[in-house]
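Structure first, commentary second.
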Amino acid sequence: MERESFSSRIGFILISAGCAIGLGNVWRFPFITGQYGGASFVLIYLCFLLLLGLPIMVAEFAVGRASVRSAAKSFDVLEPKGTKWHLYKYGAIAGNIILMMFYTTVSGWMLYYFYKMAVGGFVGLDAKGVGSIFGALLSDPVTMAGNMIAIVISCFGVCYLGVKNGVERITKMMMACLLLLMLVLAVNSIMLPGSDAGLKYYLYPDFNKVVEHGVREVVFAAMGQAFFTLSLGIGSLAIFGSYIGKEQRLTGEAMYIMALDTFVAIVSGLIIFPACFSFGIQPDAGPNLLFITLPNVFNAMSGGRIWGTLFFLFMLFAAMSTVIAVFENITSCICDLTGWERKKTIRIGIVAIILLSLPCVFGFNIWSNIQPLGKGTCVLDLEDFLVSNNLLPLGSLIYLGFCTSRYGWGWDNFIAEADTGKGVGFPKWIRFYATYILPLIVLYIFLNGYYAFFFK
310 MERESFSSRI GFILISAGCA IGLGNVWRFP FITGQYGGAS FVLIYLCFLL LLGLPIMVAE
370 FAVGRASVRS AAKSFDVLEP KGTKWHLYKY GAIAGNIILM MFYTTVSGWM LYYFYKMAVG
430 GFVGLDAKGV GSIFGALLSD PVTMAGNMIA IVISCFGVCY LGVKNGVERI TKMMMACLLL
490 LMLVLAVNSI MLPGSDAGLK YYLYPDFNKV VEHGVREVVF AAMGQAFFTL SLGIGSLAIF
550 GSYIGKEQRL TGEAMYIMAL DTFVAIVSGL IIFPACFSFG IQPDAGPNLL FITLPNVFNA
610 MSGGRIWGTL FFLFMLFAAM STVIAVFENI TSCICDLTGW ERKKTIRIGI VAIILLSLPC
670 VFGFNIWSNI QPLGKGTCVL DLEDFLVSNN LLPLGSLIYL GFCTSRYGWG WDNFIAEADT
730 GKGVGFPKWI RFYATYILPL IVLYIFLNGY YAFFFK
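Count along the sequence shown from 1, then add 309; that gives the number in the working numbering.
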């Protein structure tokens with residue numbers, strides 16, 4: 310079966326950026342930036358983004374482009390005879406599937422809130438009333454499942470149309486709308502009365518906060534955010550490398566994608582913090598920020614129903630761009646592994662992902678007594694832990710080892726592929742760092758993640 314490819318370079322960049330831009334990045338980055346010193350934290354973060362994210366992203370793209378396969382077959386094609394690198398295909402496929410087992414539910418929340426905001430469901434509610442809507446949603450398995458199913462069907466439907474006509478064409482439009490919405494929302498927030506306090510909180514370099522929290526804690530927070538923001542290690546970006554030609558070197562393409570990912574994260578803060586401070590509301594982290602704090606802000610804002618609808622449309626686009634990208638990776642992996650026809654794979658995938666996503670939905674209500682990682686945790690926490698704290702760092706170690714070790718694909722083959730085409734070349738002088746130091750940093754992130762989760 311002939312393999313489809315992207316029709317344009319911009320399509321590859323926007324789709325790969327759409328995969329990297331996740332909801333956790335959009336709501337977590339602004340919070341930790343303000344918490345850990347504003348612009349001083351951003352500088353530390355950007356350094357680690359280049360030091361950690363760039364080499365691993367280029368490695369994933371190189372493996373994908375050289376093999377012209379998904380993670381299900383890329384190692385088989387490139388590995389030295391007799392080695393077992395190909396066994397990681399099961400970890401990569403599992404990572405993508407487990408990610409979608411909870412990400413589809415969270416994306417369904419965005420769909421629900423977009424609808425509620427559009428129809429005026431928050432109008433006239435006080436802070437307690439707004440908070441009760443999120444609580445009611447979590448306790449209602451039918452509504453949550455319905456929104457999750459809508460996300461699964463619509464995003465797999467995009468993949469069903471094909472790589473060019475579906476994934477590339479629709480994701481390009483979605484990303485263009487996302488970026489436009491962000492700019493409009495950011496300008497509106499900055500122009501609100503009293504927004505300067507939010508801008509100062511978010512962007513003012515405050516090294517006292519770095520000292521207050523401890524340099525080690527701030528550095529690790531920046532390191533962790535830089536590592537996890539790009540969703541590296543499970544082949545979710547490698548698949549797009551398999552769809553592009555060899556006209557451009559991969560380092561420059563990876564830098565464009567990281568720049569877009571960082572732009573979205575930073576501008577998200579320009580939307581959130583000026584608006585919160587303008588109305589005297591201290592921003593919170595996590596779900597409370599999106600589903601309780603911000604609806605209260607929009608309620609108090611002139612034209613808030615319109616701005617709130619646009620905000621949750623932006624969040625919905627951010628969620629769906631990631632879901633479409635990962636669904637494409639899952640589809641390609643299963644096709645490569647089984648030889649099934651693409652549309653058959655997608656039809657089976659729709660049913661499978663819906664069924665596999667139900668435990669996350671039920672974990673908030675009818676299965677809320679199941680607390681797999683201790684008191685107060687739920688099924689989503691377990692699924693997120695398996696992906697974020699295990700498969701992402703361990704998978705990144707595999708990609709690094711495969712591309713730098715003489716027992717894998719090897720440095721020379723990796724560099725030859727990464728530097729094919731025009732543009733920025735991969736810096737050869739970091740070979741020692743990429744081979745010996747970077748894996749230790751990733752391993753440290755992996756171990757510290759366990760320590761922070763279970764012993765703090």
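Beta carbons: idealized from backbone N, C-alpha and C, even for Gly.
Small disclaimer: the values here were computed from a predicted structure and weren't measured.
Taking Val335 as the centre and dropping the five residues before and after it, the same chain places the C-beta of Ser577, Ala627 closer than 6 Å to its C-beta, in chain order. Look at Lys684 here: in three-state DSSP terms it is coil, with no helix or strand label. The Cβ neighbour count for Pro604, taken over all protein chains shown within 10 Å, is at least 16; the residue is labelled buried. Here the alpha carbon of Phe620 sits roughly 12 Å from the alpha carbon of Leu579. Scanning its chain for C-beta atoms nearer than 8 Å, with the 5 sequence neighbours on each side dropped, one finds around Met564 the residues Leu363, Val733, in chain order.
Ranked by how close their Cα comes to the Cα of Phe582, the residues Val520, Lys509, Ala531, Asp570 have Lys509 in first place.
Counting other Cβ atoms within 10 Å of its Cβ, Phe741 stays below 16 and is therefore classed as exposed. A residue is called buried when at least 16 other Cβ atoms come within 10 angstroms of its Cβ; Gly331 meets this threshold and is buried. By the neighbour-count criterion, in which a residue is buried when 16 or more other Cβ atoms sit within 10 angstroms of its Cβ, Glu521 is exposed. Considered as a whole, the stretch 454-533 harbours 478-499, 504-512, 516-522 as its complete alpha helix (DSSP H) runs of no fewer than 4 residues, in chain order. Closest in C-alpha terms to Pro450, from the list Thr414, Lys425, Gly433, comes Thr414. When C-alpha distances from Ala381 are compared across Gly717, Leu749, Ile662, Ser641, the shortest belongs to Ser641. With contacts defined by Cβ atoms closer than 9 Å, Phe443 and Leu622 do not form a contacting pair. Counting along the chain, Trp616 sits inside the alpha helix (DSSP H) bounded by residues 613-647.
Contact check between the stretch 548-559 and the stretch 370-377: three or more CB pairs, one atom from each, fall below 8 Å, which counts as touching.
Under the rule that a run must span 4 or more residues, the alpha helix (DSSP H) segments found entirely inside the stretch 324-372 read 332-344, 348-357. The way I'd put it, the stretch 649-659 doesn't touch the stretch 484-494; fewer than three beta-carbon pairs between them come closer than 8 Å.
Close CB contacts of Lys398 within its chain, under the 7 Å cut and outside five residues either way in sequence, are with Ala380, Ala381, Phe384 (chain order). With 16 or more other Cβ atoms inside 10 Å of its own Cβ, Ser349 counts as buried. When secondary structure is reduced to three states using DSSP, Lys393 falls in the coil class, being assigned neither helix nor strand. Contact between Phe586 and Ser504 holds: their C-beta atoms lie close to 7 Å from each other, under 8 Å.
In this structure, Leu709 keeps its C-beta atom at 9 Å or more from the C-beta atom of Phe411.
Boundaries of the alpha helix (DSSP H) around Phe755: 747-764. DSSP, reduced to helix, strand and coil, places Lys555 outside both helices and strands of the structure shown, so it counts as coil. Counting along the chain, Asp728 sits inside no alpha helix (DSSP H), nor does DSSP assign it H or E at all. In terms of Cβ geometry, Leu541 and Ile566 do not form a close pair [threshold 9 Å].
When the beta-carbon positions are compared, Ala459 and Gly417 come within less than 9 Å of each other. Leaving aside the five residues that flank Met483 on each side, the residues in its chain whose CB is nearer than 6 Å to its CB run, in chain order, Phe626, Ser630. Closest in alpha carbon position to Leu701, among Phe755, Glu477, Gln557, is Phe755. Ser545 sits away from Leu396, with the two beta carbons spaced by 9 Å or more.
One Cα belongs to Ile590, the other to Ser448, and the distance between them is close to 26 Å.
Taking a C-beta distance under 9 Å as the contact criterion, Met624 and Leu599 qualify as a contact pair. Setting aside the 5 residues that flank it on each side, Thr452 is surrounded in the same chain by Tyr421, Leu446, each with a C-beta closer than 8 Å to its C-beta; the list follows chain order. Here the stretch 604-613 makes contact with the stretch 424-444; the two share three or more CB pairs at distances below 8 Å.
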